[in-house]
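Trainee: Next up is a structure, given as structure tokens.
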Amino acid sequence: MEKYDILAPLLLTLGAGLATGIGSAIAFLAKRTNKRLLSFSLGLSGGVMIYVSFVELFQQAHVALTAEWGSRLGGSVTVLSFFAGILLIGIIDRLVPSVENPHEAHSVEEMDHRPRNPKLMRMGLLTALAIGIHNFPEGIATFTSAVDNITLGVAIAVAIAIHNIPEGIAVSIPVYYATGDRAKAFRLSLLSGLAEPVGALLAYLVLMPFMSATLMGCILAGVAGIMVFISIDELLPAAREYGEAHTSIYGVVAGMALMAVSLLLLE
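In terms of our numbering, the sequence shown is residues 1409 to 1675.
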């Protein structure tokens, strides 16, 4: 792959990862939490991911693999790759530190109502580590999708960026409680998001030299599985935790509709 082939996918992945910094900035600058907007945005992100996974990524993988291996074997490999992606992110989810759920809903009002507590620094560090590990496969997903189809890459990057904003809040709040240092909380939040471009670079260095139609098909199906798991396990529950259940569902439907219209217009 030439440099110009990977520059845009790498930049998309970097932008998606750095969205944790947006969440941290919101925690420090906003006066109150717009729960309805957060709930809708997380639902929107989930809707985009679910639609793209089943309608685009899974179907592209199925077409590529059946062309290479025939209908029965190609279809079987597609399904196995899809569930392998779910298994991978599920294992990561089980193995990461769980001192606090990094996807628990947090609000900016907490910044003014909880006292400083140095013991919370460990919680903040472990939350940043947990989010960083979660972001690693998300970086691979964004990068490989963008390499195959830049339009899908943009959609996935935006969806993951939205998903990363509450995670930035989740990292920065306990660190700020522990240290009283906004700059340190912001840096740590930003650092947790850099796992995504690291995942992208790993995908480039390890996978791209061996890239073939079969490998790309397996990756796309695996990415579909990863994103479906993220949507069901993280995005939709987090959206509902902000107390706007109907709003989150409206976001899901809007995300699916937006992605459907975008793909139809770009065909």
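Backbone N, C-alpha and C define an ideal beta-carbon position, used for all residues, glycine too. Note that this is a predicted model, so its numbers are computed, not measured.
Mind checking G1478: buried by the 16 CB within 10 Å criterion, or exposed?
Mentor: Taking the first residue of the sequence shown as position 1, residue 1478 is located at position 70. Exposed: under 16 other Cβ atoms inside 10 Å.
Trainee: Residues in its own chain within less than 6 Å of S1656 by CB, not counting five upstream and five downstream?
Mentor: One-based indexing of the sequence shown puts residue 1656 at position 248. Within the same chain, S1656 has close Cβ partners S1447, G1451, A1647 and R1648.
Trainee: Throw me the rounded Cβ distance for the I1686 and A1424 pair, which I believe falls under 8 Å.
Mentor: Since the first residue shown for the chain is 1409 and the last is 1675, residue 1686 is missing from the structure and cannot be characterised.
Trainee: To the nearest whole angstrom, what separates the beta carbons of A1565 and L1420, a pair I think is in contact under 8 Å?
Mentor: Translated into positions along the sequence shown, residue 1565 becomes position 157. Translated into positions along the sequence shown, residue 1420 becomes position 12. Rounded, the Cβ-Cβ distance is 4 Å, consistent with contact.
Trainee: Measure the alpha-carbon distance for H1542 versus E1575 and round it to whole angstroms.
Mentor: In the sequence shown, counting from the first residue as 1, residue 1542 sits at position 134. In the sequence shown, counting from the first residue as 1, residue 1575 sits at position 167. When rounded, the distance between both Cα atoms is 11 Å.
Trainee: For N1543, which of helix, strand or coil comes out of DSSP?
Mentor: By 1-based counting over the sequence shown, the position of residue 1543 is 135. In the structure shown, N1543 sits in a helix (DSSP, three-state: H, G or I).
Trainee: Count the other CB atoms, across all protein chains shown, that sit within 10 Å of the CB of P1617; report buried if there are 16 or more and exposed otherwise.
Mentor: Along the sequence shown, read from residue 1 onward, the residue named residue 1617 stands at position 209. The residue in question, P1617, is exposed, as its Cβ has fewer than 16 Cβ neighbours within 10 Å.
Trainee: Grab me the residues of I1497's own chain with a C-beta within less than 7 Å of its C-beta, minus the 5 sequence neighbours each way, in chain order.
Mentor: One-based indexing of the sequence shown puts residue 1497 at position 89. Excluding residues within five positions, the ones whose Cβ falls inside 7 Å are P1545, I1634, F1637 and I1638.
Trainee: Closest by CA to L1628, which one among G1429, I1499, F1491 and I1414?
Mentor: Along the sequence shown, read from residue 1 onward, the residue named residue 1628 stands at position 220. Closest option to L1628, Cα to Cα, is F1491.
Trainee: Going straight from the alpha carbon of A1536 to that of L1671, what length do you get?
Mentor: Translated into the one-based positions of the sequence shown, residue 1536 becomes position 128. Translated into the one-based positions of the sequence shown, residue 1671 becomes position 263. Whole-angstrom Cα-Cα distance: 34 Å.
Trainee: On the three-state DSSP scale, how would you describe Y1412?
Mentor: By 1-based counting over the sequence shown, the position of residue 1412 is 4. Confidence in Y1412 is poor, its pLDDT being 43 and thus under 50, which makes the residue's placement unreliable; the coordinate value appears in the next sentence. DSSP places Y1412 in helix when its eight states are reduced to three.
Trainee: Cβ atoms of I1458 and M1624: under 8 Å apart, would you say?
Mentor: Along the sequence shown, one-based indexing puts residue 1624 at 216. Along the sequence shown, one-based indexing puts residue 1458 at 50. Contact flag unset, no.
Trainee: Please classify S1676 as buried or exposed, where buried requires at least 16 neighbouring CB atoms within 10 angstroms.
Mentor: Absent from the structure is residue 1676, since the part of the chain shown begins at 1409 and ends at 1675.
Trainee: With distance defined between alpha-carbon atoms, name the residue in A1538, H1470, A1632 and L1599 nearest to L1422.
Mentor: Within the sequence shown, the letter at position 14 stands for residue 1422. Nearest of A1538, H1470, A1632 and L1599 to L1422, Cα basis: L1599.
Trainee: Around the C-beta of I1499, are 16 or more other C-beta atoms found within 10 angstroms, so that it is buried, or is it exposed?
Mentor: Residue numbering aside, residue 1499 sits at position 91 when the sequence shown is read from its first letter. It is exposed - the Cβ of I1499 has fewer than 16 other Cβ atoms within 10 Å.
Trainee: Taking the alpha carbon of V1463 as the reference point, which residue from I1414, P1645, A1632 and V1661 has its own alpha carbon closest?
Mentor: Residue numbering aside, residue 1463 sits at position 55 when the sequence shown is read from its first letter. Ranking I1414, P1645, A1632 and V1661 by Cα distance to V1463 puts A1632 first.
Trainee: Note down the Cα distance separating L1415 from T1622, rounded to an integer number of angstroms.
Mentor: As a working note, residue 1415 is residue 7 in the sequence shown. As a working note, residue 1622 is residue 214 in the sequence shown. Taking the straight line from one Cα to the other gives about 23 Å.
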